[in-house]
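Visitor: The structure under discussion is supplied below as structure tokens; questions concerning it will follow.
2 protein chains.
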Amino acid sequence: MSNYETIPYKTYLDESEMPKFWYNVRADMKKKPAPLLNPATGKPMTAQELEGVFCKELVAQELDDETQLIPIPEEIRDFYKMYRPSPLVRAYCLEKQLGTPAHIYYKFEGNNTSGSHKLNSAIAQAYYAKHQGLKGVTTETGAGQWGTALSMACAYLGLDCIVFMVKVSYEQKPFRREVMRTYGARVTPSPSNTTEIGRKILADFPETDGSLGCAISEAVEYAVGHPGYRYVLGSVLNQVLLHQSVIGLETKTALDKLGVKADIVIGCAGGGSNLGGLISPFMGEKLRGEADYEFIAVEPASCPSFTRGKFAYDFCDTGCICPLAKMYTLGSRFMPSPIHAGGLRYHGMSPVLSELYDQKMMRAITVCQTDVFKAAEYFARVEGILPAPESAHAIKAAIDEALKCKETGAQKNIVFGLTGTGYFDMVAYGKYNDGNMVDYLPSDEDIAKALAQLPKV
Amino acid sequence: MSNYETIPYKTYLDESEMPKFWYNVRADMKKKPAPLLNPATGKPMTAQELEGVFCKELVAQELDDETQLIPIPEEIRDFYKMYRPSPLVRAYCLEKQLGTPAHIYYKFEGNNTSGSHKLNSAIAQAYYAKHQGLKGVTTETGAGQWGTALSMACAYLGLDCIVFMVKVSYEQKPFRREVMRTYGARVTPSPSNTTEIGRKILADFPETDGSLGCAISEAVEYAVGHPGYRYVLGSVLNQVLLHQSVIGLETKTALDKLGVKADIVIGCAGGGSNLGGLISPFMGEKLRGEADYEFIAVEPASCPSFTRGKFAYDFCDTGCICPLAKMYTLGSRFMPSPIHAGGLRYHGMSPVLSELYDQKMMRAITVCQTDVFKAAEYFARVEGILPAPESAHAIKAAIDEALKCKETGAQKNIVFGLTGTGYFDMVAYGKYNDGNMVDYLPSDEDIAKALAQLPKV
Numbered sequence: 113m114s115n116y117e118t119i120p121y122k123t124y125l126d127e128s129e130m131p132k133f134w135y136n137v138r139a140d141m142k143k144k145p146a147p148l149l150n151p152a153t154g155k156p157m158t159a160q161e162l163e164g165v166f167c168k169e170l171v172a173q174e175l176d177d178e179t180q181l182i183p184i185p186e187e188i189r190d191f192y193k194m195y196r197p198s199p200l201v202r203a204y205c206l207e208k209q210l211g212t213p214a215h216i217y218y219k220f221e222g223n224n225t226s227g228s229h230k231l232n233s234a235i236a237q238a239y240y241a242k243h244q245g246l247k248g249v250t251t252e253t254g255a256g257q258w259g260t261a262l263s264m265a266c267a268y269l270g271l272d273c274i275v276f277m278v279k280v281s282y283e284q285k286p287f288r289r290e291v292m293r294t295y296g297a298r299v300t301p302s303p304s305n306t307t308e309i310g311r312k313i314l315a316d317f318p319e320t321d322g323s324l325g326c327a328i329s330e331a332v333e334y335a336v337g338h339p340g341y342r343y344v345l346g347s348v349l350n351q352v353l354l355h356q357s358v359i360g361l362e363t364k365t366a367l368d369k370l371g372v373k374a375d376i377v378i379g380c381a382g383g384g385s386n387l388g389g390l391i392s393p394f395m396g397e398k399l400r401g402e403a404d405y406e407f408i409a410v411e412p413a414s415c416p417s418f419t420r421g422k423f424a425y426d427f428c429d430t431g432c433i434c435p436l437a438k439m440y441t442l443g444s445r446f447m448p449s450p451i452h453a454g455g456l457r458y459h460g461m462s463p464v465l466s467e468l469y470d471q472k473m474m475r476a477i478t479v480c481q482t483d484v485f486k487a488a489e490y491f492a493r494v495e496g497i498l499p500a501p502e503s504a505h506a507i508k509a510a511i512d513e514a515l516k517c518k519e520t521g522a523q524k525n526i527v528f529g530l531t532g533t534g535y536f537d538m539v540a541y542g543k544y545n546d547g548n549m550v551d552y553l554p555s556d557e558d559i560a561k562a563l564a565q566l567p568k569v
Numbered sequence: 113m114s115n116y117e118t119i120p121y122k123t124y125l126d127e128s129e130m131p132k133f134w135y136n137v138r139a140d141m142k143k144k145p146a147p148l149l150n151p152a153t154g155k156p157m158t159a160q161e162l163e164g165v166f167c168k169e170l171v172a173q174e175l176d177d178e179t180q181l182i183p184i185p186e187e188i189r190d191f192y193k194m195y196r197p198s199p200l201v202r203a204y205c206l207e208k209q210l211g212t213p214a215h216i217y218y219k220f221e222g223n224n225t226s227g228s229h230k231l232n233s234a235i236a237q238a239y240y241a242k243h244q245g246l247k248g249v250t251t252e253t254g255a256g257q258w259g260t261a262l263s264m265a266c267a268y269l270g271l272d273c274i275v276f277m278v279k280v281s282y283e284q285k286p287f288r289r290e291v292m293r294t295y296g297a298r299v300t301p302s303p304s305n306t307t308e309i310g311r312k313i314l315a316d317f318p319e320t321d322g323s324l325g326c327a328i329s330e331a332v333e334y335a336v337g338h339p340g341y342r343y344v345l346g347s348v349l350n351q352v353l354l355h356q357s358v359i360g361l362e363t364k365t366a367l368d369k370l371g372v373k374a375d376i377v378i379g380c381a382g383g384g385s386n387l388g389g390l391i392s393p394f395m396g397e398k399l400r401g402e403a404d405y406e407f408i409a410v411e412p413a414s415c416p417s418f419t420r421g422k423f424a425y426d427f428c429d430t431g432c433i434c435p436l437a438k439m440y441t442l443g444s445r446f447m448p449s450p451i452h453a454g455g456l457r458y459h460g461m462s463p464v465l466s467e468l469y470d471q472k473m474m475r476a477i478t479v480c481q482t483d484v485f486k487a488a489e490y491f492a493r494v495e496g497i498l499p500a501p502e503s504a505h506a507i508k509a510a511i512d513e514a515l516k517c518k519e520t521g522a523q524k525n526i527v528f529g530l531t532g533t534g535y536f537d538m539v540a541y542g543k544y545n546d547g548n549m550v551d552y553l554p555s556d557e558d559i560a561k562a563l564a565q566l567p568k569v
């Protein structure tokens, strides 16, 4: 039952209700995520080792498995106020069209120029870089959302921003590149010949479309080789999930205000930044035994790390220069087909989510991209928002769950994360409109081959 | 003084505070806008004559100069709830960067998939078409915002949507076309050879980039020639300003809640839909002598209807098949240069605004596109929103007013309309980033030549 006579279409928190702390779900985990390992020694990375690559304060956040609430600095909270709180939307029109008794809610993170939730962590990482007195940061970007977000944050704080953009996205999404340039970033297609590792990958795979793994290697190499620069990453890492917990915290506060208890929480999963951020405070309740929720990770059938990968130590990057992380992985040499949800093409998955998945605290499903675009178009027409292909993975799953409710008559509360908009994905939509979209599924052999190259730990 | 201890960054109204009536500023005008004339007879168009082109209920709204408050049907209000209320933003960061004592507010209409305020009237017009039992509607679109908005509204209501898109935009903005197609619209570049008038314009100006005036002619011809279709227009008309009054009404309610009295209200002006909608309730107070405001219309130097046009009866379209409207106009044969603010390329100006301008109730200024893009980039970096080139005209003017306040020390409250986002304008931004943007100004001769062809009434 709701506290409101009628639940509004959109619930915005007041600024005073916005989170003042990030929520660190690791604090609630009895079995913690496995530590990052130094590939040379096989021993856990020390703070000092990590600080060569990452900002000092971010390393502290990365390694902190105990503090449940970590204060959000005021300057970051002020920046958040420029585009947050994001609305929690009751999908009345979708429910009506589906004829489902389920109540569907989505947390919409697309109403900012980066077009996604990525800005939540970008401003935090840029802030700590600035406070450390650095000149700039380097990063990789897939679909371009993270790179755009970081460019915006760096422009705001006056930091230099160097982006290695996965080649296929660089070519398919030239407009993203221009947005980043408008914010003053330097953008290079990856693999490039500006780094040693880029040249090596190009020599080994001259026809490659690029991958997040390659781009990470290049960005790390650049940062390590240039004084005053550090590397920042938009997903996978513990610190990123921490920053993204603002999504879940706002969602939970809004649901609590409305008197609504979520039954199912759904998020698309590439590296896990959105899913991890969305579910964190709910997962905390589940881990503490205070409430139960069903969590669903939705991944593309073409890059199925949870559902067809292995839970093992692996490199975070294709160039094998980063620390090893224990995660569900398809192998750092796995090269996904050029699907259109560029943000979901990473070979691995957040160590936090991987550990929770291994503990059976959540389940994972895969969806094919043609089904995803069908759901995206349907959603656009019914709810008025043109979703990012990434986000549409969660839409597809939410629709399927709502249709199950229609069969069973269960009036479940379904909450999903609508991570962003598809305005820069019109090449893909055009292909779908023209009937030229196909599904790519990796063969068992492809996956086995990539997994055979996992490092021995 | 404000009612709030601290004015929030963003003020959202509750759904219960959203307008239930549109505000018809004509009711407050002692001297009404001149009526539309039948070009054949020179006499005012009757409702019956207009109903061959427009929906019945919209004709009634077009001709109603007396009713101040016109109820918004519930179905439209429900649709509004999907993307409204739009935020009234306090531009704290911009103020700080400028070092101005002025307080700057903007009403941001870009947080919906059409990317602009155009959806406010699109849903209204589609709704009345649907209620009249029509099959579909035809329209023109310049920058593509109006066409996208209409496509969304038609998809929602299950209406056929036929869009003639100004050729230069069709080519420069292929992604807009795909958005419209995703929403099920049929999109044709204009001038086209699918209409008689299109073929004629192509014969006379084979190299034309197209213009809103041409596209209007084609859309009207198509509607009149196909039973079950009517023509709808995204700007200029009285009915459009009426629907767009939701912008001003929400702005005024929010300012009243905050205890803030606007001193200056600024809007970009192409056909006048945004400016008219934004200022309507404020203008009403000024017309009734209840309050004073300074209103500023900002138009592109390349298409300066207020500042270099003539207040006279003219055709609304290049093909001269529409009724005559008394407005500030550059002449219906005026062909603006291919500037990047496609939405501001119309030769004329809303008759309501034209009459108010003639009564000296507002002033108008022009800005050059290079200055507009400079302001746009600055705003994007400081306030985090990448504006549409159209909207950036208002930004430029607001910044200039704020800098004047810095000189004088006046703490004015400046309110401007941020009509939309520039996500589909990255070709233009790219040109600006590359330093390849230039300004086009029509010569006195160009304007005199076009004005010489005004119809004799």
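As they're listed, the protein sequences go chains A and B. The first sequence maps to residues 113 to 569 in the working numbering. The second sequence maps to residues 113 to 569 in the working numbering. C-beta: ideal position from N, C-alpha, C; glycine also.
Contact defined as beta carbons within less than 8 Å: I believe K373/B pairs with N545/B. What is the distance between those atoms, to the nearest angstrom?
Guide: Between N545/B and K373/B the Cβ distance is about 39 Å, and since that is not below 8 Å, they are no contact.
Visitor: Please identify the residue among S233/B, V299/B and P567/B whose C-alpha is closest to the C-alpha of K422/B.
Guide: When only C-alpha atoms are compared, the closest one is P567/B.
Visitor: Report the residue from Y469/A, H505/A and Q471/A whose alpha carbon sits nearest the alpha carbon of T482/A.
Guide: Nearest C-alpha to T482/A: H505/A.
Visitor: By Cβ distance, which residues of its chain are closer than 8 Å to S555/B, with the 5 residues on each side in sequence left out?
Guide: So the list is empty, once near-sequence residues are dropped.
Visitor: Less than 8 Å between the C-beta atoms of E333/A and T300/A, yes or no?
Guide: No.
Visitor: Taking the alpha-carbon positions, what's the M113/B to G371/B distance?
Guide: Reliability of the predicted coordinates at M113/B is poor, the pLDDT of 43 falling under 50, and the value obtained from them is presented with this limitation in mind. Taking the straight line from one Cα to the other gives about 7 Å.
Visitor: Would G521/A be called buried (16 or more neighbouring beta carbons within 10 Å of its own) or exposed?
Guide: G521/A is exposed by the Cβ-count criterion.
Visitor: Is R342/B helix, strand or coil when you go by DSSP?
Guide: R342/B falls in the strand class under three-state DSSP.
Visitor: At least one CB of chain B closer than 8 Å to the CB of A506/A: is that the case?
Guide: Cβ-Cβ to chain B under 8 Å: no for A506/A.
Visitor: Verify the CB distance criterion: does N548/B have a CB-CB separation below 8 Å to chain A?
Guide: Taking Cβ atoms only, chain A never reaches closer than 8 Å to N548/B, which makes this a no.
Visitor: Compute the Euclidean distance between the alpha carbons of I119/A and A261/B, then round it to the nearest angstrom.
Guide: Their backbone Cα atoms lie some 26 Å apart in a straight line.
Visitor: In the DSSP assignment, find the alpha helix (DSSP H) that holds G310/B and state where it starts and stops.
Guide: Start and end: E308 to D316.
Visitor: Within 10 angstroms of its Cβ, does R289/B collect 16 or more other Cβ (buried), or is it exposed?
Guide: Per the 10 Å Cβ criterion, buried.
Visitor: How would you write the range of the alpha helix (DSSP H) that S336/B sits in, first residue to last?
Guide: Note that residue 336/B corresponds to Val in the displayed sequence, not to Ser. Taken as a continuous stretch (DSSP letters only), the alpha helix (DSSP H) holding V336/B covers L324 to G337.
Visitor: From which residue to which residue does the alpha helix (DSSP H) around H243/A run?
Guide: From DSSP, the alpha helix (DSSP H) with H243/A extends over L231 to H243.
Visitor: Considering only the alpha carbon of each residue, which of P303/B, F446/B and M141/B lies closest to G401/B?
Guide: Ranking P303/B, F446/B and M141/B by Cα distance to G401/B puts M141/B first.
Visitor: Mapping DSSP to helix, strand and coil, what is F191/A?
Guide: In this structure, F191/A counts as helix in the three-state DSSP scheme.
Visitor: Determine the DSSP secondary structure at S444/A, reduced to helix, strand or coil.
Guide: Residue state, collapsed to three classes: coil.
Visitor: For the structure I just gave you, are there three or more beta carbon pairs, one from the stretch 317-325 of chain A and one from the stretch 433-448 of chain A, closer than 8 Å?
Guide: Yes, the stretch 317-325 of chain A is in contact with the stretch 433-448 of chain A.
Visitor: One question on the structure: do C434/A and I309/A come within less than 8 Å of each other, judged by their Cβ atoms?
Guide: In this structure, I309/A does not lie closer than 8 Å to C434/A by Cβ.
Visitor: Under a three-way DSSP split, which group does G360/B fall into?
Guide: G360/B falls in the helix class under three-state DSSP.
Visitor: Apart from the five residues on each side of it in sequence, which residues of its chain come closer than 8 Å, Cβ to Cβ, to D375/B?
Guide: Hits under 8 Å: Y405, E406, K524, N525 and I526.
Visitor: For M113/B, which of helix, strand or coil comes out of DSSP?
Guide: For M113/B, the predicted structure reports a pLDDT of 43, less than 50, and the residue's modelled location is therefore unreliable. The matter cannot be settled from this model.
Visitor: According to DSSP, simplified to helix, strand and coil, what is I511/B?
Guide: Here I511/B sits in helix by DSSP.
Visitor: Does the Cβ of T153/B have 16 or more other Cβ atoms within 10 Å, making it buried, or fewer, making it exposed?
Guide: So T153/B ends up on the exposed side.
Visitor: Can you confirm whether Y282/B, when its beta carbon is compared against all beta carbons of chain A, has any partner nearer than 8 Å?
Guide: Closer than 8 Å: no.
Visitor: In chain A, what lies closer than 7 Å to V291/B by C-beta?
Guide: In chain order: L498 and M538.
Visitor: Expressed to the nearest angstrom, what Euclidean distance is found between the alpha-carbon atoms of T531/A and I391/B?
Guide: Near 35 Å, if we compare the C-alpha coordinates of I391/B and T531/A.
Visitor: Taking DSSP as the reference, what is the three-state secondary structure of Y541/A?
Guide: Correct three-state label for Y541/A: helix.
Visitor: So, at 8 Å on beta carbons, what are the nonlocal neighbours of V280/B in its own chain, with the 5 sequence-adjacent residues on each side left out?
Guide: Result list for V280/B: D321, G322, P450 and G454, in chain order.
Visitor: Does the Cβ of V159/A have 16 or more other Cβ atoms within 10 Å, making it buried, or fewer, making it exposed?
Guide: Reading the sequence as shown, one finds Ala at residue 159/A and not Val. Per the 10 Å Cβ criterion, exposed.
Visitor: Within the same chain, show all residues whose beta-carbon is closer than 7 Å to that of K168/B, passing over the 5 residues directly before and after it, in chain order.
Guide: Q244, listed in sequence order.
Visitor: Considering just the uninterrupted stretch of the alpha helix (DSSP H) at E169/B, what are its terminal residues?
Guide: Where E169/B is concerned, the enclosing alpha helix (DSSP H) stretches over K168 to L175.
Visitor: Go ahead and pull the three-state DSSP assignment for R493/B.
Guide: Here R493/B sits in helix by DSSP.
Visitor: Check H459/A in the structure and name its three-state DSSP category.
Guide: H459/A falls in the coil class under three-state DSSP.
Visitor: Going by C-alpha to C-alpha distance, which of E207/B, K219/B and R420/B sits closest to K364/B?
Guide: Comparing Cα positions, the closest option is K219/B.
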